[in-house]
Amino acid sequence: MALVTGGGRGIGAATCELLAQEGAAVAVCDLDEEPAQAVAGRLERGLAVACDVTQRQSVESTVARVTDAFGALDILVCCAGIIRDNLIHKMTDEDWTAVIDTHLKGSFLCAQAAQQVMVPRRYGKIVFLSSTSALGNRGQTNYSTAKAGLQGMARTLAIELGPFNINVNAVAPGFIETRMTEATARRMGVDWDEFKRLAAERTPLRRIGQPADVAGVIAFLCSEEASYVSGQTIYVRGGP
Ligand code: NDP
């Protein structure tokens, strides 16, 4: 029984598909119901839910609905994300708040609601989406701060929730081919194919990542094989 936020597109959608292939019932949550529905419709036991992770009410009712439908919640993967890149002197309060709220507050609200269901059952797997941007990236003060914060959130919740047999980890992808990276290319005025080629050239494995590359690591962190891994951030970036 899994809930994936931002499940309607990109890494979230690939995660829904892989968890479903591995036998999980999956709640595909996204801001709009339409992309969530498109993914959920392809899954054997899929449920589409429209959810805005920045809103407590929306998150709590989503977790309640999913728990009602599935009877439990074993896995939470927080993929919902946005970017509002700009250099510090041009970054608006709105750019800052939107990114911090979606990634940090959103993951906090989802983890808080999920642990309420997981703790009494003494079982749970939570995965946050960090990023290589956590290490610093020009034009991403908001995003980098949020992604670094998520690594701290994973470590802290691993300590708090470990006694209840709940694993909390983060994955930190590098360049993954999704709508998000395509938007970055557009913003920088670089041709999308050229942008991908340059990113591949900078990557030790000489290719860019695909959503399935990240989904595989998320699924591993949600599996019994990784049951003694908690509070970690695993970089998925085709290099060190
Ligand atoms: P996508 O843009 O493809 O997917 C993100 C999804 O999150 C979209 O469906 C989006 O909905 C949804 N979303 C945005 N805001 C909210 C919200 N408030 N509530 C619920 N859902 C929301 O991005 P990716 O798949 O690339 O990114 C997934 C995660 O991975 C993000 O956290 C991102 O920061 C992280 N990541 C991505 C990398 C990459 O290279 N692509 C690298 C490192 C990390 P809508 O379409 O309606 O806006």
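First residue of the sequence shown? That's -2 in my numbering, and the numbers climb one at a time after it.
Backbone N, C-alpha and C define an ideal beta-carbon position, used for all residues, glycine too.
### Query
Do you know offhand how far Arg204's Cα is from Ser130's?
Here residue 204 refers to the residue found at position 207 when the sequence shown is read from its first residue. Here residue 130 refers to the residue found at position 133 when the sequence shown is read from its first residue. Spanning the two alpha carbons is a distance of roughly 18 Å.
### Query
So, is Pro237 buried or exposed, given that buried needs 16 or more other C-beta atoms within 10 angstroms?
Indexing the sequence shown from 1 puts residue 237 at position 240. When all chains shown are included, Pro237 counts as exposed.
### Task
Counting only the same chain and skipping the five closest in sequence on each side, list residues whose C-beta sits under 8 Å from that of Gln207.
Residue 207 sits at position 210 when you count from the first residue of the sequence shown. Only Ala11, Ile173 and Glu174 meet the Cβ criterion.
### Message
Tell me whether Arg194, by its Cβ, gets closer than 6 Å to a heavy atom of the ligand NDP.
### Response
Numbered from its first residue, the sequence shown carries residue 194 at position 197. Taken from the Cβ of Arg194, every heavy atom of the ligand NDP lies 6 Å or farther away.
### Alpha carbon of Met(-2) to alpha carbon of Ala45, nearest angstrom
Working through the sequence shown from its first residue, we reach residue -2 at position 1. Working through the sequence shown from its first residue, we reach residue 45 at position 48. Those two C-alpha atoms are separated by around 13 Å.
### Task
Return helix, strand or coil for Val50, following the three-state DSSP convention.
Along the sequence shown, read from residue 1 onward, the residue named residue 50 stands at position 53. Here Val50 sits in coil by DSSP.
### Query
Based on the DSSP secondary-structure assignment, which residues constitute the bridge partners of Asp71?
Taking the first residue of the sequence shown as 1, we reach residue 71 at position 74. Per DSSP, Asp71 has no beta bridge partner at all.
### Query
Over what stretch of residues does the beta strand (DSSP E) that includes Trp122 continue unbroken?
Along the sequence shown, read from residue 1 onward, the residue named residue 122 stands at position 125. Checking the sequence shown, residue 122 turns out to be Lys, not Trp. Run containing Lys122: Gly121 to Leu126, per the beta strand (DSSP E) assignment.
### Query
If you draw a straight line from the C-alpha of Ala209 to the C-alpha of Ile8, how long is it?
Taking the sequence shown and counting its residues from 1, the one referred to as residue 209 is at position 212. Taking the sequence shown and counting its residues from 1, the one referred to as residue 8 is at position 11. Taking the straight line joining both Cα atoms gives about 7 Å.
#### Entry: Proximal residues to Ala99 (C-beta, below 7 Å), its chain only, five neighbours per side dropped
Residue mapping note: residue 99 aligns to position 102 of the sequence shown, counting from 1. For the record, residue 99 in the displayed sequence is Thr; it is not Ala. Taken in chain order, the residues that qualify are Val50, Thr51, Ala77, Gly78 and Ile79.
### Task
Sort Leu15, Gln18, Ala22 and Leu101 by Cα distance to Leu0 and report the nearest one.
Counted from its first residue, the sequence shown places residue 0 at position 3. Nearest of Leu15, Gln18, Ala22 and Leu101 to Leu0, Cα basis: Ala22.
### Query
Taking the alpha carbon of Leu28 as the point to measure from, which residue in Thr59, Ala17, Gly20 and Gln18 has its own alpha carbon closest?
Within the sequence shown, the letter at position 31 stands for residue 28. Checked all of Thr59, Ala17, Gly20 and Gln18; the closest Cα to Leu28 is Thr59.
### Query
When the distance is taken between beta carbons, is Gly43 closer than 7 Å to Val63?
Position 66 of the sequence shown, counting from 1, holds the residue named residue 63. Position 46 of the sequence shown, counting from 1, holds the residue named residue 43. No, the pair does not count as a contact, with Cβ atoms beyond the cut-off.
### Query
Is Val233 near the ligand NDP, going by C-beta to nearest heavy atom under 6 Å?
Looking up residue 233 in the sequence shown gives position 236. Because no heavy atom of the ligand NDP lies under 6 Å away, the Cβ of Val233 does not count as near it: no.
#### Entry: Option in Ser227, Ala212 and Arg81 with minimal Cα separation from Arg184
Translated into positions along the sequence shown, residue 184 becomes position 187. Selected option, being the one with the closest Cα: Arg81.
### Message
Counting C-beta neighbours from all protein chains within 10 Å, is the total for Pro201 16 or more, i.e. buried, or is it exposed?
### Response
Position 204 of the sequence shown, counted from the start, is the residue given in the question as residue 201. Exposed, because fewer than 16 other Cβ atoms sit within 10 Å of the Cβ of Pro201.
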